[in-house]
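Single-structure report; data block below.
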Amino acid sequence: MQRNLYGKGRKKHPLKRVIDSSRREVVLDSPRKKSKSRSSSRPSSSSLDQALILTSSRPSSREINAKSLKSISAVSTSRFYEPPKTLFEKKYEQNLSKFLPTGSDSEFQVLLDLPLEGNDMEKQEELGQLSKKLRSENAGKVEIGNASDRFEGKDAPESEMEIEMSTQLLSLLCTEKPESADFHIAMLVRISDFFIKKAYSTVLDANDIQGTKTYYTYIKTALKSLLMLATRYNTRLNLDLELVVYLNIASLYFFETDNLDLADTYINRAISIANRNSLTKIAVTSELLYCQILEVSDPNLLQAFLSEKYSSYMKKNMTSIADLFALLRSTHVIVTSSTIGHALLQSLSLQPDVQPNIKLLSSLYQADLHLYRGSPETAQELLHKMDPLKADAPAQFLAMCYLVQLSTYVQSNQIKNGKEFLQDASDFITTQRKNGWPDWNEDGSVRMFLRQGETEIPFALQGLNSDEFVIMFYFLSGILFLSERSSFKKANKVFTTCLEIIELQLEELTQARPGARNFSLRLLTGKIVRLNYVRYSVYYYRIWVSFMEKNDFTGIKFLQQFINDFDVENFTKEELSYYKLLIPRFLYLTAIYFQATGDLAASKYYFTRVRQLCSSENTSKVSHKISYLQRGLGIGCESMTPIDGNSELYMFATLHLLQITEYEIHSWSDSEKPQTKSNLGFSRNQLGDLYQDLSQALDTSTKTSSFKSFASFNLMFKLSFKVLSCIYLHQGFTNNSSHRDSTMTAEFEDLLKESPPRELISVLGTFVLYNMSLNLEHRKELLSLCLGRISDQDDNSKILMILLLREAISKKSEMDDLEERQMLQMKVQALEHSVQDKLARLQFGFKVNINSSTSA
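Residue numbers (the numbering used here): 9 to 864.
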């Protein structure tokens, strides 16, 4: 399946590409499986020609890769894109296929050590003599890789000597008659194991062309060894070894090549023989691999297979194995139907006899699903119920619990509880680091044993390694600090540290040099895509915190460039599959930027696009295939993305559109121009639709879903909506009416009691309550509270302070306090001067050409 991902589907003159040389792509179109009749013939060593080898990165020379990456620059000078690829790079990618990460454990090892049959000592002596002979023959003339890379025998590295000898051994075994079949079998098993380990231990060398060729030479050599066992010596293999050979061949074809047909053939052969001989351990291991193959080749068939295996093991009273397949079925169904998937997970977690780790995982997946769909309170309840299950859980499971718990505090704006929890999570990280991160695996896999009677069945789940866990901890901590104005500097510092760790990781993972990494090329690709995704997200939040802290939107042009590339289809299909999840957030922050600078037309345009992407109307465009890919990469899942009232972006975009539309109606109400009157009618209709959307999202009486609406629990959203509603209802408090809605006043007071007192929206809410109050003493108290809590760090706070000071001046006027009134007036003038540009744009209804603004 060799494909040029940068060929006909690309524009002739693409803009800059994804940052640095760390870019990776994946192939979306999985190969179509052939009919069984076409793949039923017994493969031979020539089948290697059918295994189209895949690669994962754009090429880079060793000279370039030897250079260290530049240190992190400020957001204002950071580059998101690389120049277009050279003709050489494109030619390279035409010759080497791309690679499809699935987020699954792809580490290959021989599962059983092969015992030598017959006279073990004689076989070992024979092996030693042959190895000694090959070593002496190759002394002084070992040649590895390029012809120019020659070593003298006395200086040749031991591993390269072993590679040369193993290669010659394999050639010898291919040509000689199997006079000593047992010896040949033992050597082929060891050669396969050796070359797989060698490929994975040199995976970083695959960041350039020669390293990629070497990597796949190792893979092909290992695969050839296994195929010889499966074809030439299959009648001499004992049953356990035969099944292990079939399993490993299927694993290599699936994880390292593009040939799903042969992967399917060999894994089904292993499953059939294992079930026929009641070998439960190898049968379950093979069935788990088959699930991964089906997820790529035929997701619809996977659902039926998981259900059938669950029923089969339940009939055999193998409940532990059945529960594992029930868990896999639930996580698979979530992608196509989150409601059904949630129900299956809930049912599994409530069963009393489920193994603790399976029950913990099912509860954790439920909490994560509730969090992802905008219900952090429900997620917190589930996390508390998990506490008894954590005693014997792997450290990686505890780490996932920490991240989910921290995310609940972030989403629900529980700043105080979140900060206290940060200390607990920090202590956990410190303990793990001091102990050398025990039981953590470099590839991020969590390896466990499932006990069924006297049998222990090994299986693995893909998660985060220790570095990725620390990165996500810093990332979520920075977002938590964003919720409190006094912690903005701390948030910026945390994001900077997070970026530094990401850059160090990417520098190591994307340079062609020997390193300590030991996993497959597929996993390397997934790690780089995931780290780049997090890096983009950190940039997004750094721009935001810079705006809130210093009213500085430097760096927004990079997000606009990203959006522009998205709009004009400068992204490939593969890039779009994982970066499209970032687009709604980038659009939202761009809309905030235009609103902050008074460009209301552009702001309205971008907020409308956010609503379109986050609405239920967009769900019909979601591809389940892409969702499986995204979930496998660990960057989210499009089909699970919250929509409408469950989406934070959708609801706050609606709130901003409400403000802009109300402002337009107020500005155009006195105009006599025909076009303005037409626009006024449209805005009034839109205002009604927006209020209806918000009211429906806040109405919990009609909710039938198992997920709570984001709008129904988020305090800051409800307070923001209540502030706008009160101002609109009382017409900006300009009519001096003595009528006030007592019910609304009571609701408003309750919300203010729960909200952080010094946040801008809380101060604005208190000022609105001041205008609603008819009690003079109460009004005096509320105005004093506002003046004591407001800051002047950003433009919005300055504008609100101007309103507060003008109100205070009017009160001083009544008391005839001339000197203090003059001091307040001077302060008002200074504040007005500092925000005069924004006030001028708002006053005159600044107009903009949308097309020009998007590329500004």
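Here a beta-carbon is modelled for each residue, glycine too, at the ideal position from N, C-alpha and C.
Asked	Found
Does DSSP classify Q801 as helix, strand or coil?	coil
Output the boundary residues of the beta strand (DSSP E) element that contains P384.	Run containing P384: none in the beta strand (DSSP E); it sits in the alpha helix (DSSP H), P384 to K393.
Spatial neighbours of S415 within its chain, please: CB distance less than 7 Å, with the 5 preceding and 5 following residues excluded, ordered by chain position.	L379 and L484
Do V731 and L772 have their C-beta atoms within less than 8 Å of each other?	yes
For F313, count neighbouring Cβ atoms within 10 angstroms of its own Cβ and tell me buried if that reaches 16, exposed if not.	buried
Which residues mark the beginning and the end of the alpha helix (DSSP H) in which P682 is found?	P682 to L706
Taking just the CA atoms, how far does S545 sit from K806?	29 Å
Count the other CB atoms within 10 Å of the CB of L358; is the residue buried (16 or more) or exposed (fewer)?	exposed
Quick one: measure Cβ to Cβ for Y482 and T505, integer angstroms, because I've assumed they're closer than 8 Å.	6 Å
Counting along the chain, where does the beta strand (DSSP E) carrying P466 start and finish?	T463 to Q470
Quick one: is S294 buried, meaning 16 or more other Cβ sit within 10 Å of its Cβ, or exposed?	buried
Check whether the Cβ atoms of V764 and I423 sit closer than 8 Å, and answer yes or no.	Here residue 764 turns out to be Pro, not Val, going by the sequence shown. The answer is yes: Cβ separation under 8 Å.
State the beta-bridge partners of F457 as determined by DSSP.	P466
So which of V553, D652, S420 and N779 has the shortest CA-CA distance to E815?	N779
For H674, does the count of other Cβ atoms within 10 angstroms reach 16, so buried, or fall short, so exposed?	exposed
Would you check if the region 443-461 and the region 318-333 touch, i.e. whether three or more CB-CB distances between them fall below 8 Å?	yes
Please state whether DSSP places E90 in a helix, a strand or coil.	The predicted position of E90 is uncertain, since its pLDDT is 39 and thus under 50; a value taken from the coordinates is nonetheless stated next. If DSSP states are grouped into helix, strand and coil, E90 belongs with coil.
Looking at the structure shown, is T110 part of a helix, part of a strand, or coil, going by DSSP?	Note that T110 scores a pLDDT of 31, beneath 50, so its modelled location is shaky and nothing firm can be said.
Helix, strand or coil: how does DSSP classify T518 here?	coil
How many Å lie between V876 and L795 at the Cα?	With the chain represented from 9 up to 864, any question about residue 876 goes unanswered, as that position is not in the structure.
Residue range of the alpha helix (DSSP H) that M648 falls in?	Where M648 is concerned, there is no enclosing alpha helix (DSSP H), given that its DSSP letter is neither H nor E.
For Q867, does the count of other Cβ atoms within 10 angstroms reach 16, so buried, or fall short, so exposed?	Since the first residue of the chain shown is 9 and the last is 864, residue 867 is not available in this structure.
Which residue wins for smallest C-alpha separation from E596, given the options V618, Q603, L589 and G606?	In the sequence on display, residue 596 carries Tyr and not Glu. Answer by Cα proximity: V618.
Roughly how many whole angstroms lie between the Cα atoms of S474 and N783?	59 Å
My guess is that L390 and Q413 are in contact by the Cβ rule of under 8 Å, so how many angstroms apart are they, rounded?	Between Q413 and L390 the Cβ distance is about 10 Å, and since that is not below 8 Å, they are no contact.
Quick check on this structure: which residue in H786, N242, L663 and I810 has the alpha carbon closest to the alpha carbon of L832?	I810
What did DSSP end up calling D157 once you bin it into helix, strand or coil?	Caution applies to D157, whose pLDDT of 35 falls short of 50 and renders its modelled position unreliable; the value that the coordinates give is listed next. In this structure, D157 counts as coil in the three-state DSSP scheme.
From P360 to T438, what does the alpha carbon distance come to, in whole angstroms?	35 Å
On a Cα-Cα basis, can you pick out the residue from S624, G606 and I348 that is closest to D845?	G606
Quick test of your reading: T616 and L665, contact by CB under 8 Å. State the CB separation rounded to the nearest angstrom.	7 Å
Residues in the same chain with beta-carbon distance under 8 Å from L490, minus the five sequence neighbours each way, listed in chain order, please.	F496, A499, Y549, W552, V553 and M556
Any heavy atom of the ligand FAD closer than 7 Å to the CB of W445?	Because no ligand of any kind appears in the structure shown, any question about the ligand FAD cannot be addressed here.
Counting only runs of 3+ residues fully inside the region 548-619, write out the beta strand (DSSP E) ranges in chain order.	none
Can you list, in chain order, the residues of its chain whose CB lies under 8 Å from that of L847, leaving out five sequence neighbours each side?	I807 and E840
Assign I643 to one of three DSSP states: helix, strand, or coil.	coil
Do I366 and L335 have their C-beta atoms closer together than 8 Å?	yes
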